[in-house]
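Positions in the sequence shown are counted from 1; adding 1154 to them yields our numbering.
For every residue, glycine included, the Cβ atom is placed at its ideal position computed from N, Cα and C.
Predicted model, so just to flag it, every value in this text is computed and none were measured.
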Amino acid sequence: MSSKLLNNGTLHILLAITCGFVLGLVRPELAVSMRPLSDYFIRVVGLLMPFIMFVLVCSGVAGIQRQEKRSRLVGKIVIYFQLMSVISLLLGMATLILFEAGQDVSLPVSQLHHAALDISMASMGATIIGAFHNLVLQVMVVALICGLLIGRSDGVGQRLHHRLEQVRVMLFRVLHVILKFAPLAAFGAMAFTVGKYGMVSVMPLIKFVAVIYLACAVFILVVMAGVARLVGEKLLSIVLYVKEELLLVAFTGSSVAAIPGLVGKLEQLGCDRKLVHLILTTGYTFNLSGSSIYLTTAIMFMANMSGVDLTGLQLASVLLICMLTSLGSTSVAGSAFFTLIATLTVLQAIPLEGVGLLLGVERLMKCRSLTNVLGNCVACIAICRWHGAVDRVVLRQQLAR
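Okay, here's the thing in structure tokens:
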């Protein structure tokens, strides 16, 4: 029991933000000096992001091209995934604008003191990091093109795709190591914020979490329920059918942990085995509605907290860039946070330094993973129905149990 507690990432984050909060109240001068803990974490993640985004997007696009080339099925999958992505991005943005989270307390992040950090980061090659930051959008476009070319090649393309998968596994291991330092970053961000701005700075974070949960609930109850109704099923029946997998995701925080159980249950529903594998594997990269909701909500929240007033044209740019950078999101823990950093880097309109504050509530985003998993279950059933690749009798019998 004690070893499980020691290895519990959620407990580490909660302890870190609690300690940071207390330090900010008791010793505000010392707490303000903790800010580099968060900034170092963000800079290191920013350095890795172009490589991670390239491999994820290139591998994902190549994979879907290789499995079902130029077929109507791929067209249906791509259209469905992109439609869900646009709806979720718009919903996240609209919900945050409606409830104005972050506007009640304006933290002038762009004017924060940088001297100590700049001197320290110089030894780490800040120029190189900045160069990579400015290349994120170009890297994403090149990744899309490379993925399409690899997917259309045979022998050489297959070997390249295999190598990309190996690199992807290696990068995820690196990310796993980096995430071990997330509690320190959360501690630094919380200590600095409370130490400099007081207890009132914590309230916007609570409102931010509430807005995320509300937006995910609306997406599930309106959009997903609507899709389920279009194919003649009830969303509640689907939720009850995969309740064990949803509970697993809620308690572990890992969407990946639910894949084996979901594959088996969707096959038992009468869905075609090959389609289940294709839709779930691609959906865990390209159909992450919960992560998309988080992405635009977090961007708007950071803009409000930083006192940045985005114009209509800038909001349109946010949506378009999010549609591209969200392709590099995965169901791996922390991926949505990394994608947020990449998106803010491309936008260059919202200060990046304050994003470390969101680490304090990162582990509370269970609704994000639950929305991702449930969204892929609904997508699998809907696309199989539209493609005529499901036994409707078995489907009705299983969902009625």
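Practice problem: Between the Cα of Leu1165 and those of Lys1334, Lys1350, Val1186, Gly1424, spot the shortest distance and give me the residue it belongs to. | Solution: Cα-wise, what sits closest to Leu1165 is Lys1334.
Self-check item: the stretch 1412-1426 / the stretch 1530-1538 touching (three or more Cβ pairs under 8 Å)
Solution: At 8 Å Cβ cutoff, the stretches touch.
Quiz item: Nearest-angstrom Cα distance between Ile1535 and Gly1386?
Solution: Spanning the two alpha carbons is a distance of roughly 11 Å.
Exercise. Check the C-beta distance from Ala1185 over to Ala1339 and give it rounded, since I have them as a contact under 8 Å.
Key: No, Ala1185 and Ala1339 are not in contact; Cβ-Cβ is about 14 Å, not under 8 Å.
Exercise. Return the chain-ordered list of same chain residues with a C-beta closer than 6 Å to the C-beta of Thr1479, the five sequence neighbours on each side being excluded.
Key: Beyond the five residues adjoining it in sequence on each side, Thr1479 comes within less than 6 Å, by CB distance, of Thr1493, Ala1496, Thr1497 in the same chain, given in chain order.
Quiz item: Can you tell me whether Leu1474 is buried or exposed, with buried defined as 16 or more other CB within 10 angstroms of its CB?
Solution: Answer is exposed; the Cβ neighbour count stays below 16.
Exercise. Kindly provide the ranges of any alpha helix (DSSP H) runs that are 4 or more residues long and lie completely inside the stretch 1420-1467, ordered along the chain.
Key: Within the stretch 1420-1467, the complete alpha helix (DSSP H) segments at least 4 residues long are 1427-1440, 1443-1460, listed from N- to C-terminus.
Quiz item: Since Leu1318 contacts Val1209 with CB under 8 Å, what's their CB separation in whole angstroms?
Solution: Their Cβ separation, rounded to whole angstroms, is 6 Å, which keeps Leu1318 and Val1209 in contact under 8 Å.
Quiz item: So which of Leu1359, Asn1441, Gln1468 has the shortest CA-CA distance to Met1519?
Solution: Just measuring C-alpha positions, the residue of Leu1359, Asn1441, Gln1468 sitting nearest Met1519 is Leu1359.
Quiz item: Within 6 Å: the Cβ of Gly1386 and any heavy atom of the ligand MG?
Solution: In the structure shown, the ligand MG is absent, as is every other ligand, since no ligand is present at all.
Quiz item: From Val1472 to Ala1554, what distance separates their C-alpha atoms?
Solution: Val1472 and Ala1554: Cα-Cα distance of roughly 42 Å.
Practice problem: Could you have a look at Val1396 and say whether DSSP puts it in helix, strand or coil? | Solution: Looking at Val1396 - three-state DSSP - the assignment turns out to be coil, as it is neither helix nor strand.
Quiz item: Mind checking whether Ala1452 and Pro1337 have CB atoms under 7 Å apart?
Solution: No, the Cβ-Cβ distance between Ala1452 and Pro1337 is not below 7 Å.
Exercise. Kindly confirm or deny that the stretch 1225-1234 and the stretch 1383-1397 touch, where touching means at least three C-beta pairs closer than 8 Å.
Key: No: fewer than three Cβ pairs fall under 8 Å.
Exercise. Identify which residue in Gly1349, Gly1246, Gly1342, Pro1190 has its Cα closest to the Cα of Val1180.
Key: For the set Gly1349, Gly1246, Gly1342, Pro1190, the Cα lying nearest the Cα of Val1180 is the one of Gly1349.
Self-check item: Residue span of the alpha helix (DSSP H) that contains Glu1319, given as start and end
Solution: Boundaries of the alpha helix (DSSP H) harbouring Glu1319: 1309-1333, taken from the DSSP string.
Quiz item: Could you give the residue range of the alpha helix (DSSP H) that holds Lys1230?
Solution: Bounds of the alpha helix (DSSP H) holding Lys1230 are 1226-1253.
Self-check item: With 16 other Cβ atoms within 10 Å as the buried cut-off, status of Val1263
Solution: Low per-residue confidence applies at Val1263: pLDDT is 47, beneath 50, and the placement is therefore not dependable, though the value from the model is reported in the following sentence. Burial state of Val1263 is buried, judged by a 10 Å Cβ sphere holding 16 or more other Cβ atoms.
Exercise. For the alpha helix (DSSP H) holding Gly1380, just list the boundary residues, first then last.
Key: The continuous alpha helix (DSSP H) containing Gly1380 extends over residues 1379-1384.
Quiz item: What number of angstroms, rounded off, separates the C-alpha of Leu1298 from the C-alpha of Ile1241?
Solution: Here the alpha carbons of Ile1241 and Leu1298 stand approximately 22 Å from one another.
Quiz item: Which residue's Cα is closest to the Cα of Gly1217: Gly1311, Leu1506, Phe1362, Met1378?
Solution: Closest by alpha carbon: Gly1311.
Practice problem: Return the bridge partner residues of Val1544 from the DSSP annotation. | Solution: According to DSSP, Val1544 bridges with Cys1425.
Quiz item: If we ignore side chains and look at the alpha-carbon of each, how far apart do Asp1308 and Gln1552 end up?
Solution: Approximately 40 Å between the Cα atoms of the pair.
Quiz item: Can you tell which of Leu1237, Cys1212, Leu1513 has its C-alpha closest to the C-alpha of Leu1168?
Solution: When only C-alpha atoms are compared, the closest one is Leu1513.
Quiz item: Which of the three DSSP states, helix, strand or coil, is assigned to Pro1337?
Solution: Three-state result, Pro1337: helix.
Practice problem: Would you mind working out which of Asn1441, His1330, Leu1511, Pro1505 sits nearest Asp1463, comparing C-alpha positions? | Solution: Considering only alpha carbons, the answer is Pro1505.
Exercise. Would you mind reading off the limits of the alpha helix (DSSP H) that contains Phe1362?
Key: 1357-1372 is the extent of the alpha helix (DSSP H) around Phe1362.
Quiz item: For Gln1552, which of helix, strand or coil comes out of DSSP?
Solution: Helix, per DSSP.
Exercise. Kindly indicate which three-state DSSP category Glu1387 falls into: helix, strand or coil?
Key: Glu1387 carries a coil assignment under DSSP once its states are collapsed to helix, strand and coil.
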